[in-house]
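Numbering (this note's numbering), first residue to last: 32 to 373.
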Ligand code: KG4
Ligand code: ZN
């Protein structure tokens with residue numbers, strides 16, 4: 032199974048081997064991130080993203096096949112990210128996947144990007160078992176889902192405005208930390224006091240499993256303005272640590288509430304924000320105290336990559352949740368709720 036990811040600012044290609052009932056195995060994956068290209072603009076420029084995917088996708092495919100010592104003729108299925116994401120960027124991966132499959136006379140399968148994130152922990156050595164609660168925290172989504180099996184996803188709660196990743200990115204940007212700011216903000220936070228600034232914990236006591244992060248960003252902006260034109264390093268580190276603490280506290284409390292509400296004892300975290308060390312530490316502590324389990328993808332597979340797309344496609348085929356087809360007239364779905372995938 033070849034998997035191609037091109038929904039946003041990372042071109043990812045991967046090869047997984049799968050047969051029978053055992054978990055699919057990652058044979059090779061390669062990634063090109065466009066972060067540096069977009070950094071000059073403070074965010075992703077869709078047209079530049081599409082053009083760069085075009086430049087990268089075939090060389091990455093060649094690299095992956097060479098790494099795995101495999102040839103094109105050995106491919107059984109070609110998978111690609113069908114959505115959600117940037118339309119032009121998605122079209123590159125979809126077009127290449129379908130053209131490649133058509134040329135090889137092999138079937139194709141379009142995959143939901145968030146299902147890729149959701150199933151990415153199955154690529155780790157500590158793979159979870161169904162059922163579980165999934166906390167999906169990426170740059171564009173923040174959702175809690177009940178996951179009973181491949182393809183059986185029930186939305187428990189989601190953000191009503193900004194995603195957790197956006198809260199990291201927007202706060203980092205207004206603090207002058209560049210784009211994408213999540214990793215930079217979290218690095219700065221390690222030297223600061225989490226109680227340095229009083230920031231809101233939006234919807235913490237809302238009684239449901241929804242999130243809201245837009246107000247937090249405004250509060251960070253207000254605090255940052257109060258610091259004046261030349262804040263000290265200590266003040267900036269404190270603001271970063273306080274921002275991170277607010278986001279993490281809400282994510283942890285709502286995840287625990289979701290586990291309680293469902294009666295499940297297993298949490299699976301995925302998406303770029305799942306790489307955050309403070310979030311992992313807090314979740315590890317909280318779940319361990321209760322005798323519950325928490326699973327994560329490998330650190331380098333938290334953010335977008337081709338491996339999770341190939342993995343999700345292989346697991347869908349194995350579970351009989353999808354069928355690959357020789358229908359090469361592709362379309363993409365820039366907006367596509369995860370509970371509408373079947
Ligand atoms: O899943 P992802 O790669 O892309 C989407 O599908 O959106 O997630 C990217 C997001 C960005 O908002 C980025 O700032 C955030 O994940 N992120 C982090 C960390 N690493 C990535 N946020 C906080 N701490 C990190 N270590
Ligand atoms: Zn993603």
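Cβ coordinates follow ideal geometry from the N, Cα and C atoms, glycine included.
Assigned exposure category for residue i - 16 Cβ within 10 Å defines buried
i	result
residue 274	buried
residue 326	buried
residue 142	buried
residue 354	exposed
residue 161	exposed
residue 132	buried
residue 105	exposed
residue 194	buried
residue 90	exposed
residue 176	buried
residue 318	buried
residue 112	buried
residue 357	exposed
residue 276	buried
residue 56	exposed
residue 184	buried
residue 371	exposed
residue 236	exposed
residue 52	exposed
Contact check, residue i vs residue j, beta carbons under 8 Å
i	j	result
residue 147	residue 339	yes
residue 365	residue 79	no
residue 110	residue 350	no
residue 45	residue 302	no
residue 38	residue 122	no
residue 220	residue 264	no
residue 314	residue 332	no
residue 139	residue 35	no
residue 167	residue 135	no
residue 228	residue 189	no
residue 209	residue 169	no
residue 234	residue 250	no
residue 240	residue 288	yes
residue 43	residue 81	no
residue 201	residue 248	yes
residue 32	residue 88	no
residue 282	residue 252	no
residue 222	residue 268	yes
residue 114	residue 323	no
residue 83	residue 65	yes
residue 192	residue 245	yes
residue 61	residue 94	yes
Contact set for residue i: own chain, Cβ-Cβ below 7 Å, skip 5 residues either direction
i	result
residue 199	212, 213, 216, 278, 304
residue 75	39, 40, 69
residue 329	154, 155
residue 308	217
residue 102	96
residue 73	204, 210
According to DSSP, residues forming a beta bridge with residue i
i	result
residue 186	176
residue 238	Beta-bridge pairing links residue 238 to no other residue.
residue 36	43
residue 356	139
residue 168	173
residue 63	42
residue 163	178
residue 110	34, 140
residue 301	167
residue 57	47
residue 326	299
Cβ-based neighbour list, residue i, same chain, cut-off 6 Å, excluding 5 preceding and 5 following
i	result
residue 150	342, 343, 346
residue 58	46, 48, 99
residue 85	123
residue 258	266
residue 352	181, 182
residue 125	111, 361, 363
residue 300	166, 327
residue 92	44
residue 334	303
residue 280	232
residue 359	129, 133
Chain-order list of residues whose beta-carbon lies under 8 Å from that of residue i (same chain, five-residue window excluded)
i	result
residue 255	205, 206, 262, 270
residue 152	158, 159, 299, 300, 301, 326, 327, 328
residue 164	175, 176, 177, 178, 187, 286, 289, 290, 293, 295, 297, 298, 299
*Could you name the residues, in chain order, whose CB is less than 5 Å away from a heavy atom belonging to the ligand KG4?*
Selection output, chain order preserved: 169, 170, 171, 196, 199, 200, 211, 213, 214, 217, 302, 303, 304, 306, 307, 334, 335.
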